[in-house]
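Trainee: Numbering (this note's numbering), first residue to last: 1341 to 1796.
Note that CB positions come from ideal geometry on N, CA and C, so glycine has one too.
Before I ask anything, here is the structure I am working with.
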């Protein structure tokens, strides 16, 4: 192979490698101060034609100030270093033909033939990298703000070095000064509630077990900090190496003490609500049932599962004893409450006397958005009341038509806390005894002969 052929082949190989390099490549002539060559990526990078590139130098392709310093001084320094055999690598900002700044990484090296002052520049566009970094920075900032807003403690444990990083809230939650040099893992186990230590230690060991396939871990336990018992909900992720060994744990602590106490109170209230005999019924602004306790199930014979979501009018009819249903709506809007009695029906079609106390639920605009009803089944009381009135009417009729004397005192237990007393007398007996007020029961004894009073 001739020397000319070898040279031509070498130039061809160079041309192929030069043109197909993934980097932006450009060759700068120190003597002319212009670019003499650029690959396809260079033309795209600077948004110029080959001819236009050959009329440009580093000065025209850079802003006046880069990294806070004059660009020209830095360019001359880097080029001089390359000409002396150096290989400077530095961050830079280039300009394309539209004037858009492009963050990049530049590497310079002297380029043959060495009888000429040529420098090759390899340029890596860092726009996407910088955008990714900015996006990551923004995401981290948002995460930090979200964690602070949610009052979460965070931990990051690097198993190999036993380095544990806590955020401020974590230190506060666990009662440990940020200046403390104590081993945080040891300190954590020292504050775990005695009754929860075994369970917590077991879960901790399980997370370290290389056979454990779970990446996410969730736990809840109590800690004792300055004599105060706190309930902590922990959630995190274990990061493993290819062999399955845990190398890092990161996650959050949340103080759920108040939440758990509230849940316990709500649970107790729900149990109490179900124990009472009255029906407690919640409805929305369309009269659709939103809550239905066990008392309602007993009175109406319909389960909560079926009742919730139904219209109350589809469950029962309401016949108000004094007024009508419009009166209820009017009272709820004006007074916020209605109390009264009505006749309703259970699922068997049996009529029930219901004593209701209905409270309106309103929004900030004073618009009715629902109601809570406390309904008491007073059917037995009403039936006893009706029976008593019928008995009273019966005896009154007998007394008014009797030719003899009669005195009758009736007691009727109308409810658990009311005792009604009814005195029934015939007019003829009152006249004989000289009693002016027949309803004054005690005055009847005033006219009885002293010798007969004990017997009477």
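So, are the CB atoms of residue 1623 and residue 1682 less than 7 Å apart?
Mentor: no
Trainee: Leaving out five residues before and five after residue 1531 in sequence, what residues of the same chain have Cβ atoms less than 8 Å from its Cβ?
Mentor: Once the five neighbours on either side are set aside, the close Cβ partners of residue 1531 are 1514, 1515, 1563, 1564 and 1565.
Trainee: If you count every other CB in all the chains shown that lies within 10 Å of the CB of residue 1684, and 16 or more means buried, which is it?
Mentor: buried
Trainee: Counting beta carbon pairs with one atom in the region 1630 to 1645 and one in the region 1686 to 1695, are three or more of them shorter than 8 Å?
Mentor: yes
Trainee: Measure the CB-CB distance between residue 1692 and residue 1700 and report whether it falls below 7 Å.
Mentor: no
Trainee: Between which two residues does the alpha helix (DSSP H) holding residue 1674 run?
Mentor: 1665 to 1674
Trainee: Specify whether the region 1462 to 1470 and the region 1431 to 1444 touch according to this definition: at least 3 beta carbon pairs, one from each stretch, less than 8 Å apart.
Mentor: yes
Trainee: Are there 16 or more other CB atoms within 10 angstroms of the CB of residue 1648, so buried, or fewer, so exposed?
Mentor: exposed
Trainee: Would you mind reading off the limits of the alpha helix (DSSP H) that contains residue 1420?
Mentor: Per DSSP, residue 1420 belongs to the alpha helix (DSSP H) from 1411 to 1423.
Trainee: From 1418, 1398 and 1519, pick the residue whose C-alpha is nearest to that of residue 1508; which is it?
Mentor: 1519
Trainee: Can you tell me the Cβ-Cβ gap for residue 1569 and residue 1533, rounded? I've got them flagged as a contact below 8 Å.
Mentor: For a cut-off of 8 Å, the C-beta gap from residue 1569 to residue 1533 is around 7 Å, short enough to register as a contact.
Trainee: Terminal residues of the continuous beta strand (DSSP E) containing residue 1462?
Mentor: 1458 to 1465
Trainee: Taking buried to mean at least 16 other C-beta atoms within 10 Å of its own C-beta, is residue 1422 buried or exposed?
Mentor: buried
Trainee: Below 8 Å on the Cβ atoms is my contact criterion, and I expect residue 1805 with residue 1571 to pass it. Report the Cβ-Cβ distance as a whole number of Å.
Mentor: A question about residue 1805 goes unanswered here, because the residues of the chain that appear run from 1341 up to 1796.
Trainee: Between which two residues does the beta strand (DSSP E) containing residue 1619 stretch?
Mentor: In the DSSP assignment, residue 1619 falls within the unbroken beta strand (DSSP E) covering 1619 to 1624.
Trainee: Once you ignore the five residues that flank residue 1585 on each side, which residues in its own chain have a CB closer than 6 Å to its CB?
Mentor: 1550
Trainee: Identify which residue in 1703, 1402 and 1409 has its Cα closest to the Cα of residue 1446.
Mentor: 1402
Trainee: Just curious, the alpha helix (DSSP H) that residue 1510 is in, first and last residue?
Mentor: Its alpha helix (DSSP H) spans residues 1508 to 1514.
Trainee: Using DSSP bridges, identify the partner residues of residue 1659.
Mentor: 1683
Trainee: How big is the Cα-Cα spacing for residue 1396 and residue 1374?
Mentor: Roughly 5 Å separates the two Cα atoms.
Trainee: Roughly how many angstroms lie between the CA atoms of residue 1612 and residue 1636, to the nearest whole one?
Mentor: 14 Å
Trainee: Tell me which residue opens and which closes the alpha helix (DSSP H) that residue 1527 is part of.
Mentor: 1524 to 1531
Trainee: Please report the distance separating the alpha-carbon of residue 1604 from that of residue 1731.
Mentor: 52 Å
Trainee: Does the distance from the CB of residue 1449 to the CB of residue 1419 come in under 7 Å?
Mentor: no
Trainee: Tell me which residue opens and which closes the alpha helix (DSSP H) that residue 1637 is part of.
Mentor: 1634 to 1640
Trainee: Can you name the start and end residues of the alpha helix (DSSP H) that residue 1521 belongs to?
Mentor: Looking at the DSSP string, residue 1521 is not in any alpha helix (DSSP H), and its letter there is neither H nor E.
Trainee: May I have the straight-line CA-CA distance separating residue 1537 from residue 1498, to the nearest angstrom?
Mentor: 22 Å
Trainee: Compute the distance between the beta-carbons of residue 1376 and residue 1451, then report whether it is under 7 Å.
Mentor: Cβ atoms of residue 1376 and residue 1451: not closer than 7 Å.
Trainee: Can you give me the C-alpha to C-alpha distance between residue 1415 and residue 1522, rounded to a whole angstrom?
Mentor: 51 Å
Trainee: Starting from residue 1383, trace the alpha helix (DSSP H) both ways and give me its first and last residue.
Mentor: 1380 to 1386
Trainee: Could you give the residue range of the alpha helix (DSSP H) that holds residue 1542?
Mentor: Where residue 1542 is concerned, the enclosing alpha helix (DSSP H) stretches over 1537 to 1548.
Trainee: Give the range of the beta strand (DSSP E) segment to which residue 1366 is assigned.
Mentor: 1364 to 1369
Trainee: To the nearest whole angstrom, what separates the beta carbons of residue 1574 and residue 1593, a pair I think is in contact under 8 Å?
Mentor: About 5 Å separates the CB atoms of residue 1574 and residue 1593; that is less than 8 Å, so the two are in contact.
Trainee: How many angstroms separate the CA atom of residue 1619 from the CA atom of residue 1630?
Mentor: So the two alpha carbons sit approximately 13 Å from each other.
Trainee: For residue 1692, name the three-state secondary structure that DSSP assigns.
Mentor: strand
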